[in-house]
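Position in the sequence shown counted from 1, then plus 26, gives you this note's numbering.
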Amino acid sequence: VIRQVAESEGIVVRKIQFLMTVVTLVALLCSALGVFSLMSGMVMDRRAEIGLAKALGASDRALAFLFLAEIGVVGLVGGALGCVLGVALSQFISLHVFGAWASFNGWVLPLTMILSTGVSLGGSLFPARVIWKIRPARTLVEG
27 VIRQVAESEG IVVRKIQFLM TVVTLVALLC SALGVFSLMS GMVMDRRAEI
77 GLAKALGASD RALAFLFLAE IGVVGLVGGA LGCVLGVALS QFISLHVFGA
127 WASFNGWVLP LTMILSTGVS LGGSLFPARV IWKIRPARTL VEG
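In structure tokens form, the structure reads like this:
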């Protein structure tokens, strides 16, 4: 009887782990789409600045690197803040639901920061390519 209960609990745990993996992947995809939208808007809002920088001699590669570095820093900071807030929330829930402290693994913070930076950079690669298509003369004339 105990073996059957343990096996059925194992099945439930595996299903919950699979569900959590799917939810995590969907959240990462939604985050990448949000970054894509944010970066596209940022590039379009700063078209005049990009055109002026190109007219003054800035290369497409340097401008794309500038935007990617900016979004990379946002990803690092967002990952660190999200991890800290997630740990605090999990501790709060664990204390109030189970009456015990939740364990914290040291690899969670670096993994979260790597994932958040990767999602930020991945979601902004296509909008950064738009920088190559911006023509300084047309942009400066249009204002």
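All C-beta atoms in this analysis are idealised placements derived from N, C-alpha and C, irrespective of residue type, glycine included. Only a predicted model underlies this, so the values are computations on that prediction, with no experimental measurement involved.
Fill in: Limits of the unbroken alpha helix (DSSP H) element including L51
Per DSSP, L51 belongs to the alpha helix (DSSP H) from I28 to D71.
Practice prompt. Answer yes or no: do G77 and P162 have a C-beta to C-beta separation smaller than 8 Å?
Written response: Yes, the pair counts as a contact, with Cβ atoms nearer than the cut-off.
Worksheet item: Taking the continuous alpha helix (DSSP H) assigned at W158, which residues delimit it?
Response: Element bounds for W158: V134 to K159.
Fill in: Inter-residue spacing [alpha-carbon to alpha-carbon] between E35 and V49
Each residue's CA atom was taken as its position, placing E35 and V49 some 21 Å apart.
Practice prompt. Run the CB neighbour count on K41, radius 10 Å, all protein chains shown included, and call it buried at 16 or more, exposed below.
Written response: Answer is exposed; the Cβ neighbour count stays below 16.
Discussion item. Using C-beta distances below 6 Å, list every residue in its chain close to R155, excluding the 5 sequence neighbours before and after it, in chain order.
Written reply: Excluding positions up to five away in sequence, the list is empty.
Worksheet item: So, G98 versus S146, is the Cβ gap smaller than 8 Å?
Response: Taking 8 Å as the Cβ cut-off, G98 and S146 qualify as a contacting pair.
Worksheet item: Run through DSSP, which three-state label would A126 get?
Response: A126 falls in the coil class under three-state DSSP.
Worksheet entry | L121 and W127 closer than 8 Å at C-beta | Against a cut-off of 8 Å, the Cβ pair of W127 and L121 comes out as a contact.
Discussion item. Given this structure, state the Cα-to-Cα distance separating L45 from I119, to the nearest angstrom.
Written reply: One Cα belongs to L45, the other to I119, and the distance between them is close to 20 Å.
Item to complete: Assuming F62 and P153 form a contact by the criterion Cβ under 8 Å, report the distance between their Cβ atoms to the nearest whole angstrom.
Response: Right, the Cβ-Cβ distance comes to about 6 Å (below 8 Å), so this counts as a contact.
Worksheet item: Rounded C-beta distance between K80 and I160? I'm assuming under 8 Å.
Response: That belief holds up - the Cβ atoms of K80 and I160 are roughly 7 Å apart, short of 8 Å.
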